[in-house]
Amino acid sequence: MVSMTSNMIILRGAMASERVTVTLPAEVVQEIDRLESNRSKFILDAVRHELQRRRRAALRRSLRAPHPEGDQLAEAGFNEWAGSLPADDVDGLVDVRAGTPVRWVPGEGWVEGGK
């Protein structure tokens, strides 16, 4: 079981930190202590890893079931979309020479390959 309560904000450099209380089983704390002397750093690393894992999983779900607006964007085409942005937003937005060519397949989503 994990429970958290927020009770303070600590400023370190430019990044604000918030103190939380986390309740963990004693054996988990002992295992953390065997591996890392700084519990906070260990838990921060673990939380960041889990957040990244969940973002990747959400992206994979999104790619398997694309949002309906993806069809509209694909139909409009990148150039039309880029042309609709304010000029200062377009510069350096995308290097079209980099990356992998992809194309939109209705019902499938983005797939590798040109037209």
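Using this note's numbering, read the sequence shown as starting at 3 and increasing by one per residue. Quick reminder that beta carbons are idealized off the backbone N, C-alpha and C, glycines included.
Around residue 113, the same chain offers 104, 105 and 107 as residues with beta carbons nearer than 7 Å, after the five sequence neighbours per side are excluded. Comparing C-alpha distances from residue 45 to each of 22, 57 and 64 shows the shortest one belongs to 22. Excluding sequence positions up to five before and after residue 50, its CB lies less than 8 Å from no other CB in the same chain. In the three-state DSSP reduction, residue 21 falls in the strand class (E or B).
Within the DSSP secondary-structure output, residue 112 pairs in a beta bridge with 106. If you draw a straight line from the Cα of residue 83 to the Cα of residue 25, it is about 49 Å long. Remark: C-beta atoms of residue 115 and residue 67 do not approach each other more closely than 9 Å.
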